[in-house]
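Chains as they are written, first to last, in the working numbering: chain S, 1 to 206; chain F, 1 to 206; chain L, 1 to 206; chain G, 1 to 206.
Worksheet: one structure, shown below.
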DNA sequence: CATGAATGAGTGTTCATTCAT
DNA sequence: TATGAATGAACACTCATTCAT
């Protein structure tokens, strides 16, 4: 009997190596050779587990998304309403080194995705999924009476997305200024605003 | 010194071509040959005006920044206080196709900048400069009594930066959702909040 | 020695698979992996039965030759003289799909054989063997009074070889024009010429 | 002013190098690197003159065909009838080292062409062109009363093609046996047969 | 100054081969 | 014996860069 390897496990190994390489040298220098060696294999091994480099990169990006999704599912277990919404957002913010790495990966891919249909679709699909999740959480919180803003749930979700992406970029470029504390402060400004009757009343726009 | 003028003009031509190429095919496919031909020259001409490809890219990015800066100077001519702050922010938002192009360029570079010291420095320098400008505008508006939030001017500037970057990314990925109108709405939510006593009072955080 | 039988049988299986692969995708795309999978085995199995890829190819070519030889032995059983000569030639002509396949295999190898000593030797050995067989058949037909041409038996054999190869190539490139009927017609032109006194007399050359 | 090279000339240089490489090591070992170095250039130079390797190979094959065509035009200048037909055929036979090289090239490509549509088309187009030329020459010779065979001009052309290909292959595999003299002898057997009334009469088939 | 020919390192990918299981 | 994982050299091709003209 030959040595049987768990294909999925090997893929994960390679994708983890891909992350490390992108983190260390950037997406443009992430050659298949480097990825293979980072994973501890020769360059030829990649062909067993991935169709081509594109497959590796797309898979690596999707894996990042899956990690975030899983964490979001975990942190909302048993939590409801505004607290669940907040917990989900917190998981998407670059509050610690692990999540900062995810943000690095994400934004390394973003520039390339702007002109690469496949990658772009991955980004957009994830964005759509995340927006639906947020909208659903907003709706639930509103049903529980914790959100009172007159603005549509959709718009609130959009505001959240803008906050997350904005904070991620700023944290990547100016980590000293955009601390975890400041990120949470801005998040809570947003949450307070949509949940407070008085605040909303005064910020209503024509 | 007519030679110098020509020289600088030629650089501008090449950089404009660089923009068009990046917009059309993306930063990864922006080869020196393509840039040269897009500019209407042979590939060899680049060596006369730029040290190397990196020089071209860095210069192109800086040029984008200069364009934005110039527009900001223009729109604040004769305008003061909160109106000046708003005018500057508006120039940084991807409200029309021209500014969306700038955002495309900017974020095409961002991913690469994460692991390219030179580009990273350009981004950070521009960010620092923009933050100073914003902080200064906030301070002026506060002096004029138009901003009353107790939060530090710095933090307000940070919030603005987060809004701009967040909106830019969302507009690039979901242009149908993040319309110009919605961007302005979110901007005004922010401005109203920092300028309204009542709103601030209720959104104050521990 | 049942093991030996199995061993030989397995080789035959692989070689048959090799034929099918060459027929389907050509010699250049005939990878060891494809051959192994076509044979229903994993790629590693080949090492048990063949020294290397070259061994597989050489063996496949030899097998093709053996097939033809066997058919020639069969069709000449109980046949003599000119009829035997004709029967042998007929077996070498691409008159039906099976023999066309053999011609495909043969000429797929030929181009490579021109610069591959091992393959070249296989081709030349087979050619020499076939020429001896033809010469022998010509001699026998002459002894039986069925061949009267004054030209040496060797030359007649050479003419036959030229006809067979020429027809094979033309049939491969222009199957619509070089039908089985036309091949037989050309064959019989040749046979009539070498067997007819009058024809020879008039075609004698200075 | 830059160094201006004659593109067509450079292409010819590279194609000549391609021939030499194929002649020396065979089509399978004819790598782009080897071809470039044989031509006296670095590997990268090929990109200036050829789209890809396929372009090089197809061009090399076509060049071989052009050479033969040109020679055929030259040798038929001022020659008519059967003599013109014979002269054209002579140019297609591997009578000397130069023409043997052409035959090597031709048959190196043939095996690959069997499963490579592009190359196959080149072969077939050339074959069709050559057949038309031969048919036309046969018709002219017949009009001049030099060909009297009752067989259609088409069939005669086909016979010629079979002879040429058959002789080429045999000359490549057994150069010692298929001498130039023997080739010419076989050619003249064919020509005598189609031009001689008596011979035809006796070789007529049911 | 401008050209474009030429370079050669580097890329993703393929594949015959080896070998532990 | 049979597997298929792993190797690493080789491939065609790309591209920033150099440089003679």
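From the three backbone atoms N, C-alpha and C, an ideal C-beta is built for every residue, glycine too.
Check	Outcome
Spell out whether any CB of chain F is found under 7 Å from the CB atom of residue 170 of chain S.	yes
At a Cβ threshold of 7 Å, is residue 124 of chain S touching chain F?	yes
Who are the Cβ neighbours of residue 205 of chain G in its own chain at under 7 Å, not counting the five residues just before and after it?	Legend: pLDDT at residue 205 of chain G = 42, less than 50; position of this residue unreliable, value from coordinates given subsequently. Closer than 7 Å at Cβ, skipping near neighbours: no residue.
When we look at the beta-carbon of residue 149 of chain F and count the other beta-carbons within 10 Å, is it buried (16 or more) or exposed?	buried
Which residues mark the beginning and the end of the alpha helix (DSSP H) in which residue 114 of chain G is found?	From DSSP, residue 114 of chain G is part of no alpha helix (DSSP H); its letter is neither H nor E.
Mind checking whether residue 119 of chain L and residue 113 of chain L have CB atoms under 7 Å apart?	yes
Near residue 191 of chain S, which residues of its chain fall below 7 Å by C-beta distance, leaving aside the five closest residues on each side in sequence?	82, 86
Quick one: grab the DSSP three-state call for residue 189 of chain G.	helix
Mind pulling the alpha helix (DSSP H) runs of 4 or more residues that sit fully within the stretch 21-73 of chain L?	32-38, 46-49
Pull up the distance between the alpha-carbon of residue 134 of chain L and that of residue 140 of chain L, whole angstroms please.	10 Å
Just reading off the alpha helix (DSSP H) that residue 157 of chain S is part of, what are its end residues?	153-173
In its own chain, which residues sit with a C-beta less than 8 Å from the C-beta of residue 146 of chain L, not counting the 5 before and 5 after it?	81, 82, 195
Tell me the rounded alpha-carbon separation between residue 28 of chain S and residue 22 of chain F.	15 Å
Could you round the C-beta distance between residue 163 of chain S and residue 186 of chain S to whole angstroms and report it? I think they count as a contact, below 8 Å.	6 Å
Starting from residue 89 of chain G, trace the alpha helix (DSSP H) both ways and give me its first and last residue.	81-92
Just to confirm, is the Cβ distance from residue 98 of chain F to residue 64 of chain F under 7 Å?	no
Which of helix, strand or coil does DSSP assign to residue 135 of chain G?	helix
DSSP three-state call for residue 179 of chain G: helix, strand or coil?	coil
Determine which residues of the stretch 176-190 of chain G have a Cβ less than 8 Å from any Cβ of chain L, and write them out in chain order.	177, 178, 182, 185, 186, 188, 189
Where does residue 95 of chain L fall in DSSP's three states?	coil
Measuring alpha carbon to alpha carbon, tell me which residue in F/173, F/45, F/189 is nearest residue 125 of chain S.	F/173
If you reduce the DSSP assignment to three classes, tell me which class residue 203 of chain G lands in.	Bear in mind that a pLDDT of 46 at residue 203 of chain G, under 50, signals an unreliable position, so the number given afterwards is only what the model happens to contain. Residue state, collapsed to three classes: helix.
Can you list, in chain order, the residues of its chain whose CB lies under 6 Å from that of residue 61 of chain L, leaving out five sequence neighbours each side?	109, 122
With distance defined between alpha-carbon atoms, name the residue in S/66, S/4, S/44, S/90 nearest to residue 16 of chain S.	S/66
Determine the direct distance from the alpha carbon of residue 73 of chain S to that of residue 178 of chain F, and round the result to whole angstroms.	27 Å
Beta carbons nearer than 7 Å to chain L: which residues of the stretch 50-65 of chain G have them?	none
Taking a cut of 8 Å between CB atoms, which residues from the stretch 84-109 of chain F lie near chain S?	104, 107, 108, 109
Express the C-alpha separation of residue 77 of chain F and residue 12 of chain S in angstroms, rounding to a whole number.	56 Å
Pop quiz: residue 130 of chain S and residue 168 of chain S are said to be a contact at Cβ under 8 Å. What is the actual Cβ separation, rounded to whole angstroms?	With a Cβ gap of about 13 Å, residue 130 of chain S and residue 168 of chain S do not count as contacting.
Excluding the 5 residues preceding and the 5 following residue 159 of chain S in the sequence, name in chain order all residues of the same chain whose CB lies nearer than 7 Å to its CB.	190
Check the Cβ-Cβ distances between residue 6 of chain S and every residue of chain F, and say whether any is below 7 Å.	no
Taking buried to mean at least 16 other C-beta atoms within 10 Å of its own C-beta, is residue 33 of chain G buried or exposed?	exposed
Throw me the rounded Cβ distance for the residue 49 of chain S and residue 7 of chain S pair, which I believe falls under 8 Å.	6 Å
In chain order, what residues of the same chain have a beta carbon less than 8 Å from the beta carbon of residue 56 of chain G, not counting five sequence neighbours either side?	14, 15, 18, 32, 35, 46, 50
Buried or exposed for residue 193 of chain S, going by 16 or more other Cβ atoms inside 10 Å?	buried
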